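Chains as they are written, first to last, in my numbering: chain A, 90 to 454; chain B, 2 to 457; chain C, 6 to 267; chain D, 151 to 320. A virtual CB, placed ideally from N, CA and C, is assigned to each residue, including glycine. Computed from a predicted structure; not experimentally measured. Take a look at the structure below.
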Amino acid sequence: MAVHKGRGFAAIEYPTGMNQNGDPSQAWIKVKPDGRIDVFAGTSDIGNGSKTIQSQIVAETIGVPYDWITYDNSNTDSSPVCTGTFASRATFVAGKAVEKAALKVREKILEIAGKELEIDPGDLEIEDGEVVAKGAPQKKISVPDVAAAATWGHGELITGAGAQLKPYAAIVEPETGRVDLPPHSAISYAACAAEVEVDDETGEVRVTRLVQCYDVGKAINPTLVEGQIEGGAVQGLGLGVLESCYPYYPSVDHRGGEFGSYLAPGMEDLPQIDTIIIENPSVDGPYGAKGIGEMANNSQPPAIAAAVYDAIGVWVTELPITPERVLRGLEAKAEPRREGKKVVFDEELSVNSVSNGSIRFEVPA
Amino acid sequence: MKAVGARLPRYDGVEHVTGRTTFVDDVRVPGTLWVKALRSPVHRADITGLDTSAAESMPGVHAIVSWKDVPLLEYGHLAALGIPADEPLLAKDDVRYKGQPIAVVAAEDEATAQAAVEAIKLDLNEQPALLDVRKAFDSDAPVIHQWGNWYNHFEAEMDRRQIRKGDIDWAFEHADTIVQGVYRPAAIEHVPLETQVCQVVPEANGRLTIYSCTQALYFSMGVVAAHLQLPLNRLKFVGGTVGGGFGGKVDTATETMCSLLALKSGRPVKWRWTREEEFLCSSTRAPWHMEIADAVTKDGWILGRKMLTLHDSGAYARFSPYGLTKHSFHHTGAYTIPNLAFDGYAVFTNRVPTTAMRGFGVTSISFATETHMSRVADVLGLDPYEVRLKNANRIGDTSPNRVVYTDPSTVPTIQAIAEAMGHELPADYRTMTRHTREGELLPEHLVAQVGNPEDH
Amino acid sequence: MASAPEMVFPTSPADAAAAFGDGSGVTVVAGGTIVMPEISYGRLEPAKAIMLTQAGLAGVTRDGTTVTVGAATPIAELVDLPAPLGPCAANIADREIRGQATLGGNVCAGAGHDAPRGDLQGALLAVGATARSAGAGGERSEPLDDFLANRGGRLLLDVSFEEPAAGGFAALDRPHTHDYTAMAVSAARAADGTVRVAATGAGTHGQRLLSAEVKADDLAAAGDAALADVTPHDDALASAWYRSKTLPVLVRRALTQLKETS
Amino acid sequence: MNLAVNGTAHELESGPLTSLLDVLREELGITSPKAGCEQGGCGACTVLVDGEPRRSCLLPVGAVGEAEITTVEGLGTPENLAAVQQAFTHHYAAQCGFCTSGLMMAAHAYVAHGGTADQDAIAEALGGHVCRCTGYVKIIAAVAAVARGDSFDLATTAASPGMTNIGGVR
């Protein structure tokens, strides 16, 4: 028996927001008479932490402490439209809507504060819950006092609404795929190196280390970014070596109907995970953020496949890289067909071998 | 103190660790009926008989809903993107996957609901199933969908998603080597810890309060409103707190059926899928079949890529045409390839319809293109980092859709990993930047594709 | 809805045996790990249930070199036993399940939903365990092979075996949550030098690998010979092909441990 | 039948073959244990039975007897969080929160039984619990922190091990 070690590498990109855009998010904010801030948005928090991130964006944008924010996404009567929590859009698109709403609230606070302080709003700024005159910090009024003045003195509601929508990018030439506008908001980038150990007698693959780098634009909450990256890494590991709804695909036999016969990664599968964050700000995300929630499970499978090849000289190109596929690969020791300048792998999997000819993958030589 | 960039605690962190977060299954409404579904026991069949009368007369059974009860039976969830409807909320004439819902029951408790499901008389005439996307085009393949075996409503009623860029024949003619491979990532489950769950309460004012685990409150509300043919102000979705989704809860899997049962019975109803239903009947990430041929030079330039994708959509279209389009837009990965010919088909098979999942449409292409990239480097005997850095997209390069990249970070992410892994790069690769191509990084074959970043 | 089941809470093995009778219409509940999902999913509606929690059937006792394990003993209490039993027990599911699941449930488990069950069967076969059970015709003790072949209508009371001189255990290992083992091989050398080898996951229940036992001194030959003793199957965890490829490996590994611990 | 939960005795109407999970959630309204699978496969329903972590979906309530049941509701309050609750907050070990109750009960028992901060030991003890969000890194960090006896600043959260930020580049 021998355990073989291998390393592999992959680099990927992923778009933020719905493909071709056209996916709005809206938000509105009101200020209570004591200056506390109520945010209403329709973004579901599926664990990704959008309640937290959007609250942080509002606190930062208005200039008040985080714990002054209440965030309500609980129902469609009070919350405006959010297309949803998918397409890595909850921070990028929905967070931008919240930022726009918060900017309006900030503007209104400055306007009322200007009246109270008799200073042009343009000469005021808000810091940590206080409206302060630029260059004259002794001239100030607290946001709670501004809110009280608005409510009881000026007869005004401090409120703000915002929406984010990138227009739908139509495919104007379906034959070529040409679009009339950019079909994405921002693109995020990542790279991953994987280290594996392969048992050449049982075919078992153990992923021992994942080293990953993500350009997140701006980590609005670094801890939550880590949570996305680590969670994604383990899902990528599942994709790479464990999970399948159809163990004998394309057959539908022997589907696992329970944990134990469907192999989701557990704590004992956890490799060492090292992560490097790059912050190259996006143009139109809130505070330069990019969406990285989804791409977090995309780089590991190809890095693992390359690492398995490095370890045992076998390309397994059907996922997951099961022990059986490893053993079959070791047994076949398949070499690509070389013909002229062509190097052809995996011919037995191709439509050219399986279809009766109605569909072919023709490659010019 | 700065809020953005700070490691602040979760907004709902204390709720989570005290067990007080209210998920849909934690909502308590007195008088709630339990829901169970009659599902197809086979992969494909014609429905020749459906008789719910015996089940309806069972004590404790309050309502049974089948296709006859649905005001708008077929509604395309992505109709707004031009993808027409093809899937009935409840099966009418035929079933196309094992587990497809045919009727739903609301009864006093779970056991009664299950007993009623078993008392529904269902007659099926089983038909051969199509399971291999590679055989879907064959003349002897069973035709399993009203549109044929693959989606045919892309723009201009094309039956495939097509990308063409540059001169593919030139690329293959001028290649030193052509590397071909096939890539097949599997269907996987989303496995949120919270299974699909819904509670619907018919209110005295005629509205429906719908407690939902959807990832997309307004999207799902639109789906329910369309099937029920009701204005949005008749519905109130309550949710926003979801026990994991990963894409699977973009499907509006339970809300519409529960709403129909609540309306018919006049009682609150609740449906929580078992883990077994979640594993066997809920939509999955799609399996994909991808074939790539890259035309490459001996020093590692990728001159062109030809690609065929068969997206195993399962029994109905759902979001698959969208996913395939997104897939096609990213089929060069993080690299600039000037000459492209991509053909992709969203193929129907008799398996559970597939849906969005983390990385939708792109997880597959990342696996295929990156594994292929490693292979290309290996075939050419070149360093896998260097080949990638060379072809990496840069500011000013154009995507498969001719969109100019304005802020790609492929180069710095690769360099960061090389450094972290102690992978020694030559000096010129260590100091490369993501900036506009010039000099040796702008060979003749890449000149024409360069665009103007100011345009975007 | 089914009416409420008749519940019996025996307080001694004799009570349990009496309540069990010939086993017809009786559901035995010990740890609950196999029965409860079936009840929750509405697939099992017991008319009469016997709860073994207080039946005096739990515990590991030693009499000289003879070890007796009560049927209601949690698997967690077996993990410190010598190989192959200890490592086999430690390989079952996870720590919480091992605290709850019992030896009796594991030994009597039928086939799972597309994954093997009954991991202990192999280890107990390898140590030549005797099963004591109640049921029609009264109490009887018999070799575990015989019990497994004909366990319908029997209430397992305990298993007993002579502590082996040496043991080995090898399993296919793909760690993930809620671990079922696709296949495992146990080997043991008795004090008199007899070597027994048994597998789980290579058939519908645990089985001796008699052809491998004959060639136990030649590792490679024993591994290959084992294939003659099994009819591997496809399930959600592994194909028959893969099981055939790896059974010899596991036999070799288990026998290697046996040699090393001698 | 009686059942003692978090120090309170309850008279039950449920039958003895009802799962402890169902009794807690449906009869007693104690909803921190979650019905993640009702197959014993995920650990979202884990509670303590006389201090031992058990899958409440697998335990017929009739088998509980006199044993004392502890759920998250019995660990601590928002004003006075137990160490494991503080650790899960500070280390961001809960994302969607659905697996959290079961994991915290298992972690609480692990530390109470003298468990160490060793990653492999934690994984061995808690390895049957499924979390689909976190990738387990921060869960293990949280459990290790409790085992070490760390104190926790709840106004902030901890960075993961192995994390580097190199800012904007090239």
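Sub-9 Å separation of Ile101/A and Gly312/D beta-carbons: Counting from 1 along the first sequence, the entry for residue 101/A is found at position 12. Counting from 1 along the fourth sequence, the entry for residue 312/D is found at position 162. It is not a contact, given that the beta carbons lie outside the stated cut-off.
CB contact below 9 Å: Met384/A versus chain D: On the first sequence, position 295 is the one that residue 384/A refers to. Taking Cβ atoms only, chain D never reaches closer than 9 Å to Met384/A, which makes this a no.
Beta carbon proximity, Lys288/D to chain A, threshold 9 Å: The residue you call residue 288/D lines up with position 138 of the fourth sequence. So yes, Lys288/D belongs to the interface.
Local Cβ density within 10 Å of Asn387/A, reported as buried at 16 or more and exposed below that: As a first step, residue 387/A must be located in the first sequence, where it is residue number 298. The residue in question, Asn387/A, is buried, as its Cβ has 16 or more Cβ neighbours within 10 Å.
Neighbour flag for Ile101/A against chain D, beta carbons, 9 Å: By one-based count along the first sequence, residue 101/A stands at place 12. For Ile101/A, the answer is no, since every Cβ of chain D falls outside 9 Å of its Cβ.
Under 8 Å (Cβ pairs) to chain C, residues found in the region 271-303 of chain B: Thr275, Glu277
Chain D contact residues for Arg29/B, given Cβ-Cβ distances below 7 Å: Along the second sequence, one-based indexing puts residue 29/B at 28. What Arg29/B touches in chain D: Gly179.
Residues that Asp304/A bridges to, as DSSP identifies them: As a working note, residue 304/A is residue 215 in the first sequence. Answer is Tyr278/A, Ile367/A, bridged to Asp304/A.
Assigned secondary structure, Leu209/D (DSSP; H/G/I helix, E/B strand, else coil): If you number the fourth sequence from 1, residue 209/D lands on position 59. It is coil, neither helix nor strand.
For Met6/C, three-class secondary structure by DSSP: In the third sequence, the residue the question calls residue 6/C occupies position 1. With a pLDDT of only 42 at Met6/C, under the threshold of 50, the placement of this residue in the model should not be trusted, and no figure is reported.
Outcome for Ala421/A when other beta-carbon atoms lying within 10 angstroms are tallied against a minimum of 16: In the first sequence, counting from the first residue as 1, residue 421/A sits at position 332. Exposed, because fewer than 16 other Cβ atoms sit within 10 Å of the Cβ of Ala421/A.
9 Å Cβ cutoff met for Val330/A and Thr411/A: Along the first sequence, read from residue 1 onward, the residue named residue 330/A stands at position 241. Along the first sequence, read from residue 1 onward, the residue named residue 411/A stands at position 322. Contact flag set, yes.
Contacts of Arg344/A in chain B (Cβ-Cβ under 8 Å): For the purposes of this step, residue 344/A is identified with residue 255 of the first sequence, where counting begins at 1. Under the 8 Å cutoff, chain B gives Phe280, Leu281.
Sub-9 Å separation of Pro169/C and Pro92/C beta-carbons: For the purposes of this step, residue 169/C is taken as residue 164 along the third sequence, with counting starting at 1. For the purposes of this step, residue 92/C is taken as residue 87 along the third sequence, with counting starting at 1. Taking 9 Å as the Cβ cut-off, Pro169/C and Pro92/C do not qualify as a contacting pair.
Bridge partner(s) assigned by DSSP for Val199/D: Position 49 of the fourth sequence, counting from 1, holds the residue named residue 199/D. Answer by DSSP bridge pairing, in chain order: Glu202/D, Ile219/D.
Residue-level contact to chain A via CB, Asn206/B, 9 Å cutoff: Here residue 206/B is taken as the residue at index 205 of the second sequence, counted from 1. False, the Cβ-Cβ gap to chain A never drops below 9 Å.
Burial state of Gly20/B, where buried means 16 or more other Cβ atoms lie within 10 Å: The residue you call residue 20/B lines up with position 19 of the second sequence. Buried, since its Cβ has 16 or more Cβ neighbours within 10 Å.
Contact set between Gly186/D and chain B, taken where Cβ atoms lie within less than 8 Å: As a working mapping, residue 186/D is identified with position 36 in the fourth sequence. Near Gly186/D (Cβ distances below 8 Å), the residues of chain B are Leu194, Glu195, Thr196, Arg276.
Chain C contact for Ala112/B (CB, 9 Å cutoff): In the second sequence, residue 112/B corresponds to position 111, counting from 1. So yes, Ala112/B belongs to the interface.
Reduced DSSP secondary structure (H/G/I, E/B, other) of Glu286/A: Reading the first sequence from its first residue, position 197 is the one you call residue 286/A. Correct three-state label for Glu286/A: strand.
Proximity to Pro122/A [Cα-Cα], best of Gln317/A, Thr248/A, Ile366/A: The sequence position of residue 122/A within the first sequence is 33, counting from 1. The option with the nearest alpha carbon to Pro122/A is Thr248/A.
Proximity of Phe320/B and Glu190/B at Cβ, strictly below 9 Å: In the second sequence, residue 320/B corresponds to position 319, counting from 1. In the second sequence, residue 190/B corresponds to position 189, counting from 1. Taking 9 Å as the Cβ cut-off, Phe320/B and Glu190/B do not qualify as a contacting pair.
Beta-carbon neighbours of Thr251/C, restricted to chain A and to distances below 7 Å: Start at 1 with the first residue of the third sequence, and residue 251/C comes out as number 246. Simply Thr291.
Ile365/A and Thr314/D closer than 9 Å at C-beta: Position 276 of the first sequence holds residue 365/A. Position 164 of the fourth sequence holds residue 314/D. Result yes, Cβ atoms of Ile365/A and Thr314/D sit closer than 9 Å.
Within-9 Å CB hit, Tyr338/A to chain C: The count along the first sequence starts at 1 and reaches residue 338/A at position 249. No, no contact with chain C.
Where the beta strand (DSSP E) through Pro148/C begins and ends: The sequence position of residue 148/C within the third sequence is 143, counting from 1. Taken as a continuous stretch (DSSP letters only), the beta strand (DSSP E) holding Pro148/C covers 145-148.
Given Gly152/A as reference, the closest of Ala179/A, Met107/A, Leu199/A once Cα atoms are compared: Mapped onto the first sequence, residue 152/A falls at position 63. Checking every option, the nearest Cα to that of Gly152/A belongs to Leu199/A.
Inter-residue CB distance, Thr105/A and Gly380/A (contact presumed, cutoff 8 Å): Position 16 of the first sequence, counting from 1, holds the residue named residue 105/A. Position 291 of the first sequence, counting from 1, holds the residue named residue 380/A. With a Cβ gap of about 4 Å, Thr105/A and Gly380/A count as contacting.
Cβ contact (3+ pairs, closer than 8 Å) linking the region 321-328 of chain B and the region 139-156 of chain B: yes
Own chain residues within Cβ distance below 7 Å of Tyr257/A, not counting five before or after: As a first step, residue 257/A is located in the first sequence; it is residue number 168 there, counting from the start. Here the set comprises Gln109, Asn110, Gly111.
Contacting positions in the region 303-314 of chain D - beta carbon closer than 8 Å to chain C: none
3-residue-minimum beta strand (DSSP E) runs that sit fully inside the region 148-216 of chain B, ordered along the chain: 162-166, 178-184, 198-203, 209-213
Nearest to Ala292/D (by Cα), restricted to the options Gly317/D, Gly318/D, Gly265/D, Gly278/D: What you label residue 292/D is simply residue 142 of the fourth sequence in a count that begins at 1. Ala292/D has its Cα closest to that of Gly265/D, out of Gly317/D, Gly318/D, Gly265/D, Gly278/D.
Ile303/B, enclosing beta strand (DSSP E) - first and last residue: Taking the second sequence and counting its residues from 1, the one referred to as residue 303/B is at position 302. Run containing Ile303/B: 303-315, per the beta strand (DSSP E) assignment.
Beta-bridge partners of Gln115/A, as assigned by DSSP: By 1-based counting over the first sequence, the position of residue 115/A is 26. According to DSSP, which records beta bridges pairwise, Gln115/A is partnered with Ala252/A.
Buried/exposed call for Leu34/B, threshold 16 Cβ in 10 Å: Translated into positions along the second sequence, residue 34/B becomes position 33. Looking at its Cβ environment, which holds 16 or more other Cβ atoms inside 10 Å, Leu34/B is buried.
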